[in-house]
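Colleague: Pasting a structure below so you can have a look.
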Amino acid sequence: MERFRVIKDNITDPVKHYALEEAMMRIMDEDASFPNTIRLRRVERSVLIGFLEDPKVTVNIEFARKMRVKIVRRHNLGGTVYQDLGSFMFTVLFRDNTFISHLSEREMYMEFSNFVIEFLKKFGIRANIRGINDIVVGERKIFGSAHTKLGNAISHTGTILLNMDLDFLSKVLKFVKPKFSDKKFNSLKDALTTVAIETKKDVPVEKAYRIFLNTFKDYFNVGLVEGNLSDREIELMEKLAEEKYIRHEWTFGSDKDYEEIYTKKVRSGLIILRGKFKKRIEEIKIYGDFLLEDRNIITSIEEKIRGLSFKEAIDIISVKHLPVDIKAGLIEIIKEIEREHMI
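The letter at position 36 of the sequence shown is residue 36 when you use the working numbering, and the numbering goes up by one with no holes.
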């Protein structure tokens, strides 16, 4: 029976929270003795930006700053989310060649989603999988997840909406209409639900933790051992927080604010292109809430097509290892830009 270390570190600062997530993955990649770990965690009011997301598009930045809500870019892909102490997140961290690493990435998403559905059943909630990484009750989302791989380390993270303040969420996040073009919602609040809403009562977080761990142990047939963070994890967390996650450049990128914006909704999510275009691609930045096996492929595309003609850019994108719908969406946007700028 495989065993997992269980960590409840009570780190609620989102900057240190994501610094620790990356620190743990780095150490696991380098150190074969690093234990497979379940981390249960919450953060104070914060907005967490997906690795490829543009906060100018998804966040009411002035409102967030006025209300002292921290905005931090994550190291993993997916959409922008709001978090507060009324939800809880988990990270399941395991080495390649252990646990369920023999499954494909999509299969791992399905396995974790089915586990969360079993967890929700303990509260009398009947839920279903939508897409690859969301769980919904009816049509409203109650859970989302993201998958990341760094060398030998695999991380699957998820957020379960327990007692979250959806009214505040609707004020701090923007309702990006193209993202919901295939759904019948007019606000973020309408698109979400919580365990508290579905059960008509608040759920103590410690109770949710207990049910989560018991369900995980039974569903995956693993042993669980309470543990603590090592000095090495804490030291690397502090270093990454100071050198990376707290920095304005990490979350907001450069101060370039391109006026030209193009969007395309595909099955995998929303694609947003910003840039400066004339007879060729002078500057370009690709954003989105979609999921990829390799998050760096988008940066690679940006670097390779900058300065090229539209046809040359399409030729490069065509041979990249991307999901079919994302590749087609990018090419369609480039063709749209070409039509507008070659007149």
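Heads up, the beta-carbon is just placed ideally off N, CA and C, and yes, glycines get one too.
Report back the beta-carbon spacing between residue 53 and residue 79 to the nearest angstrom; my notes put them in contact at under 8 Å.
Modeller: The count along the sequence shown starts at 1 and reaches residue 53 at position 53. The count along the sequence shown starts at 1 and reaches residue 79 at position 79. Between residue 79 and residue 53 the Cβ distance is about 7 Å, and since that is below 8 Å, they are a contact.
Colleague: Can you tell which of 339, 295, 308 has the C-alpha that lies nearest to the C-alpha of residue 321?
Modeller: Against the sequence shown, residue 321 aligns to sequence position 321. When each option's Cα is compared against that of residue 321, the closest is 295.
Colleague: In whole angstroms, give me the CA-to-CA distance for residue 1 and residue 220.
Modeller: Taking the sequence shown and counting its residues from 1, the one referred to as residue 1 is at position 1. Taking the sequence shown and counting its residues from 1, the one referred to as residue 220 is at position 220. Going from the Cα of residue 1 to the Cα of residue 220 covers about 10 Å.
Colleague: For residue 213, which three-state DSSP category applies?
Modeller: As a working mapping, residue 213 is identified with position 213 in the sequence shown. Here residue 213 sits in helix by DSSP.
Colleague: If residue 88 and residue 48 are in contact, beta carbons under 8 Å, what's the gap, nearest whole angstrom?
Modeller: Here residue 88 corresponds to residue number 88 of the sequence shown, with the count starting at 1. Here residue 48 corresponds to residue number 48 of the sequence shown, with the count starting at 1. 14 Å between Cβ atoms; not a contact.
Colleague: With a threshold of 8 Å, are at least 3 pairs of Cβ atoms found where one atom belongs to the segment 298-312 and the other to the segment 274-286?
Modeller: Yes: at least three Cβ pairs fall under 8 Å.
Colleague: Please return the same chain residues whose Cβ sits closer than 7 Å to the Cβ of residue 237, not counting the five positions on each side in sequence.
Modeller: Indexing the sequence shown from 1 puts residue 237 at position 237. For residue 237, where only same-chain residues beyond five positions count, the Cβ hits under 7 Å are 16, 19, 20, 23.
Colleague: For a quick check, are the C-beta atoms of residue 144 and residue 158 less than 9 Å apart?
Modeller: Within the sequence shown, numbered from 1, the residue matching residue 144 stands at position 144. Within the sequence shown, numbered from 1, the residue matching residue 158 stands at position 158. Yes; because the gap between Cβ atoms is below 9 Å, this pair is in contact.
Colleague: Residue 152 and residue 9 look like a contact to me (Cβ under 8 Å); what is the Cβ gap, rounded to whole Å?
Modeller: As a first step, residue 152 is located in the sequence shown; it is residue number 152 there, counting from the start. As a first step, residue 9 is located in the sequence shown; it is residue number 9 there, counting from the start. Not confirmed; about 23 Å, so no contact.
Colleague: Please check the pair residue 252 and residue 269, which I expect to be a contact at CB under 8 Å, by giving their CB distance rounded to whole angstroms.
Modeller: Position 252 of the sequence shown, counting from 1, holds the residue named residue 252. Position 269 of the sequence shown, counting from 1, holds the residue named residue 269. 21 Å between Cβ atoms; not a contact.
Colleague: Under 8 Å: do the segment 209-216 and the segment 103-122 share three or more Cβ pairs, one atom per stretch?
Modeller: Touching, yes.
Colleague: Under a Cβ-count criterion, where at least 16 other Cβ atoms within 10 Å of its own Cβ denotes burial, should residue 335 be classed as buried or exposed?
Modeller: Here residue 335 refers to the residue found at position 335 when the sequence shown is read from its first residue. By the neighbour-count rule (16 or more Cβ atoms within 10 Å), residue 335 is not buried but exposed.
Colleague: Whole beta strand (DSSP E) runs in the segment 197-266 with 3 or more residues, listed along the chain?
Modeller: Complete beta strand (DSSP E) runs here, min 3: 223-226, 260-266.
Colleague: Thinking C-beta only, is residue 6 closer than 9 Å to residue 227?
Modeller: Translated into the one-based positions of the sequence shown, residue 227 becomes position 227. Translated into the one-based positions of the sequence shown, residue 6 becomes position 6. Closer than 9 Å, so yes.
Colleague: May I ask you to report which of helix, strand or coil DSSP gives residue 329?
Modeller: Taking the first residue of the sequence shown as position 1, residue 329 is located at position 329. DSSP places residue 329 in helix when its eight states are reduced to three.
Colleague: Pick helix, strand or coil for residue 69, following the three-state DSSP scheme.
Modeller: Translated into the one-based positions of the sequence shown, residue 69 becomes position 69. Coil, per DSSP.
Colleague: So residue 111 and residue 293 are in contact, right, with Cβ under 8 Å, and what is the actual spacing, rounded?
Modeller: By one-based count along the sequence shown, residue 111 stands at place 111. By one-based count along the sequence shown, residue 293 stands at place 293. In fact, because the Cβ distance is near 16 Å, the residues do not count as touching under 8 Å.
Colleague: From which residue to which residue does the alpha helix (DSSP H) around residue 114 run?
Modeller: To locate residue 114, count along the sequence shown from 1; it is residue 114. Taken as a continuous stretch (DSSP letters only), the alpha helix (DSSP H) holding residue 114 covers 105-121.
Colleague: If you count every other CB in all the chains shown that lies within 10 Å of the CB of residue 274, and 16 or more means buried, which is it?
Modeller: In the sequence shown, residue 274 corresponds to position 274, counting from 1. Residue 274 comes out buried.
Colleague: What residue does the alpha helix (DSSP H) around residue 41 start on, and which one ends it?
Modeller: Taking the first residue of the sequence shown as 1, we reach residue 41 at position 41. Note, residue 41: premise wrong, no alpha helix (DSSP H); beta strand (DSSP E) at 37-41.
Colleague: Between the beta-carbon of residue 198 and the beta-carbon of residue 123, is there less than 9 Å?
Modeller: Within the sequence shown, numbered from 1, the residue matching residue 198 stands at position 198. Within the sequence shown, numbered from 1, the residue matching residue 123 stands at position 123. For residue 198 and residue 123, yes; Cβs fall inside 9 Å.
Colleague: So, helix, strand or coil for residue 126, using DSSP?
Modeller: In the sequence shown, counting from the first residue as 1, residue 126 sits at position 126. Looking at residue 126 - three-state DSSP - the assignment turns out to be coil, as it is neither helix nor strand.
Colleague: If you draw a straight line from the alpha carbon of residue 309 to that of residue 280, how long is it in whole angstroms?
Modeller: In the sequence shown, the residue the question calls residue 309 occupies position 309. In the sequence shown, the residue the question calls residue 280 occupies position 280. Cα-Cα distance, rounded: 4 Å.
Colleague: Does the beta-carbon distance from residue 173 to residue 81 come in below 9 Å?
Modeller: Working through the sequence shown from its first residue, we reach residue 173 at position 173. Working through the sequence shown from its first residue, we reach residue 81 at position 81. Yes.
Colleague: Which of helix, strand or coil does DSSP assign to residue 150?
Modeller: Position 150 of the sequence shown, counted from the start, is the residue given in the question as residue 150. Strand, per DSSP.
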